[in-house]
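Residue numbers (mature numbering (1 follows the signal peptide of the UniProt record, and there is no 0)): -22 to -1, 1 to 271.
C-beta: ideal position from N, C-alpha, C; glycine also.
So the structure is just underneath, and the comments pick up after that.
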């Protein structure tokens, strides 16, 4: 009996071993290796930043100057105005022309949004800038201001400016952006001639175009170098009136007083353009995405 049980157990063990060996020899199904995703840089998203730079502005002033000269003679004992006075003489209308460089440092902040489509980028950006651009130039009656033609010396200052622009860019590599930009520009230019005294200026809207390069440092931070050309158009003064009085005692003889009054009316128009070079840093709120497999 024990012999029969031993023979049976040996047969079962042999059968199980044969089945396992056969399973090892059977072909296994093909399993594809897992794909490791490639993380690429994506510029899409909102960003804010700051910038600083230098600007080379140019102003061109033109206009005209008209007026009258009035001469009155009084007896000082009266005073009694002599007959035939005042004598009013119109002054010749004089053209006005002037040029000045308006240069200085600038600084401010910007904010915008980017949309990346493959190797192309589209975006909107706005910025506001404080400006230390200023300059001084003569306003004359003859272009080039030859000796004896200067009417006044004026001081010019670009107080602040800003832009609202579109951006179109190309990505030669995933972290380097080359772009062109353009759109609305606006700012406040002021001018004054302190010796008269006389002042004019206003806030004007114009246009700007430019180009730049921006490089990503990591998933949030980037740095950029940008050039803009800005044209704010004409900053006009309207009509500005001035009056000068010269009081000469004992002229034309003792007991007389001659008063000469000069009244002028000037119209000044200042055209302002600017060349802006600035560096900046941006912080983008989105990060890299999984886009390749």
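* Distance between residue 139 and residue 247 (C-alpha atoms, nearest Å) -> So the two alpha carbons sit approximately 19 Å from each other.
* Asked: What's the gap between the Cα of residue 150 and the Cα of residue 78?
  -> About 41 Å.
* To do: Rounded to whole angstroms, what's the CA-CA distance from residue 253 to residue 189? Just pull it up for me.
  => Each residue's alpha carbon lies about 12 Å from the other.
* Asked: Hey, is the stretch 43 to 58 in contact with the stretch 225 to 235, meaning 3+ C-beta pairs nearer than 8 Å?
  -> The stretch 43 to 58 vs the stretch 225 to 235: in contact.
* How long is the line joining the alpha carbons of residue 112 and residue 55, rounded to whole angstroms? -> C-alpha separation (whole angstroms): 52 Å.
* To do: Count the other C-beta atoms from every protein chain shown that fall within 10 angstroms of the C-beta of residue 18, then say buried if there are 16 or more, exposed otherwise.
  => Its Cβ having fewer than 16 others within 10 Å, residue 18 is exposed.
* Asked: Tell me which same chain residues have a C-beta within less than 6 Å of the C-beta of residue 21, skipping the five on either side of it?
  -> The beta carbon of residue 21 is closer than 6 Å to those of 92, 94, 99 in its chain, skipping five residues each way along the sequence.
* How long is the line joining the alpha carbons of residue 84 and residue 145, rounded to whole angstroms? -> Each residue's Cα considered, the two are about 21 Å apart.
* To do: Can you tell me which of the three DSSP states residue 62 falls into?
  => Note: residue 62 maps to coil in three-state DSSP.
* Excluding five sequence neighbours on each side, which residues of the same chain lie with their C-beta closer than 6 Å to the C-beta of residue 221? -> Excluding residues within five positions, the ones whose Cβ falls inside 6 Å are 241.
* Best match in 264, 235, 244 for proximity to residue 60 [C-alpha to C-alpha] -> When only C-alpha atoms are compared, the closest one is 235.
* Could you work out which residue in 255, 260, 259, 261 is closest to residue 109 when comparing CA atoms only? => The residue from 255, 260, 259, 261 with its alpha-carbon nearest to that of residue 109 is 255.
* What are the boundary residues of the beta strand (DSSP E) that residue 125 is part of? -> Looking at the DSSP string, residue 125 is not in any beta strand (DSSP E), and its letter there is neither H nor E.
* To do: Answer with buried or exposed for residue -2, where buried requires no fewer than 16 other C-beta atoms within 10 angstroms of its C-beta.
  => With a pLDDT of 43 at residue -2, under the threshold of 50, the modelled position of that residue is not reliable, and the figure given next carries that caveat. Looking at its Cβ environment, which holds fewer than 16 other Cβ atoms inside 10 Å, residue -2 is exposed.
* Between the stretch 60 to 69 and the stretch 163 to 183, are three or more C-beta pairs nearer than 8 Å? -> The stretch 60 to 69 vs the stretch 163 to 183: no contact.
* Count the other CB atoms, across all protein chains shown, that sit within 10 Å of the CB of residue 71; report buried if there are 16 or more and exposed otherwise. => Classification for residue 71: exposed.
* Asked: Shortest alpha-carbon distance to residue 58 belongs to which of 250, 26, 237?
  -> Distances from the alpha-carbon of residue 58 to those of 250, 26, 237 put 237 closest.
* To do: Run the CB neighbour count on residue 257, radius 10 Å, all protein chains shown included, and call it buried at 16 or more, exposed below.
  => Looking at its Cβ environment, which holds fewer than 16 other Cβ atoms inside 10 Å, residue 257 is exposed.
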